[in-house]
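What follows is a short report on a single structure.
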Amino acid sequence: MANQLDKVAVFRKGHFNAAHRLALPQWSEEENFAYFGPCSYANFHGHNYEIILKVVGTPDPLTGYVIDLKILNQYLEEEVYSRFDHKNLNLDTDLFQQQLPTAENIVKVIYQLIRARLKPELALQVRLYETPRNFVEYPVTLDFQ
1 MANQLDKVAV
11 FRKGHFNAAH
21 RLALPQWSEE
31 ENFAYFGPCS
41 YANFHGHNYE
51 IILKVVGTPD
61 PLTGYVIDLK
71 ILNQYLEEEV
81 YSRFDHKNLN
91 LDTDLFQQQL
101 PTAENIVKVI
111 YQLIRARLKP
121 ELALQVRLYE
131 TPRNFVEYPV
141 TLDFQ
């Protein structure tokens with residue numbers, strides 16, 4: 001079993017642009033606006049999302065890599081950008097037909113998509129910036145670093 005000091009974290013940063021609307025169909029327009037504010041406007045709004053993938057593992061003794069960052073970028077391209085970039089998350093994606101595309105839900109979906117592509121021995125954490133000041137992270141580590 002690998003010692004914690006043998007582990008290394010590697011990061012891959014990317015971005016995509018997408019539109020969404022936060023509104024519950026069972027609520028009136030007034031109720032949605034009272035709760036979600038301008039995010040509930042009927043004509044949607046967009047964000048320039050920034051994403052950071054953190055992958056933790058023991059470097060391969062031969063290559064020195066935890067994961068080849070070209071491969072990690074390929075996973076971002078195939079699982080995230082191709083699905084979400086320049087899309088309306090409410091209308092153009094199946095993944096948000098049953099849940100609102102909040103930053104919290106988006107980060108969990110991205111985590112599941114990327115996690116499915118990684119070797120089981122690698123740990124993954126996803127940070128998603130919706131704005132420069134608002135971001136979410138999944139899963140939670142509580143170390144605030």
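Okay, so the sequence shown: first residue is 1 according to the UniProt record's numbering, each after it adds one.
Backbone N, C-alpha and C fix where the C-beta goes; we use that ideal spot for every residue, glycine too.
In the structure shown, the three-state DSSP call for Lys-87 is strand. The DSSP-derived three-state label of Leu-72 is helix. Residue nearest to Leu-72 within the set Arg-117, Asp-60, Ser-82 is Arg-117 (criterion: CA-CA distance). Taking a C-beta distance under 7 Å as the contact criterion, Ala-18 and Leu-89 qualify as a contact pair. Judged by DSSP in its simplified three-state form, Lys-108 adopts helix. Nearest neighbour of Tyr-129 by Cα position, chosen from Arg-21, Val-107, Val-140, Gln-112, turns out to be Val-107. DSSP lists Gly-14, Leu-128 as the bridge partner or partners of Ile-51.
If you look at Glu-30, you'll find it in the alpha helix (DSSP H) that goes 29–36. When DSSP states are grouped into helix, strand and coil, Val-66 belongs to the coil group.
A straight line joining the alpha-carbon of Pro-59 with that of Pro-38 spans about 46 Å. Non-local C-beta neighbours of Thr-131 in its own chain, meaning closer than 8 Å and more than five positions away in sequence, comprise His-47, ordered along the chain. Here Ala-103 is buried: its Cβ has 16 or more other Cβ atoms, across all protein chains shown, within 10 Å. A distance below 6 Å between beta-carbons, with the five flanking residues on each side excluded, links Ile-51 to the following residues of its chain, in chain order: Gly-14, Leu-128. Under the three-state reduction of DSSP, Glu-121 is assigned to coil, being neither helix nor strand.
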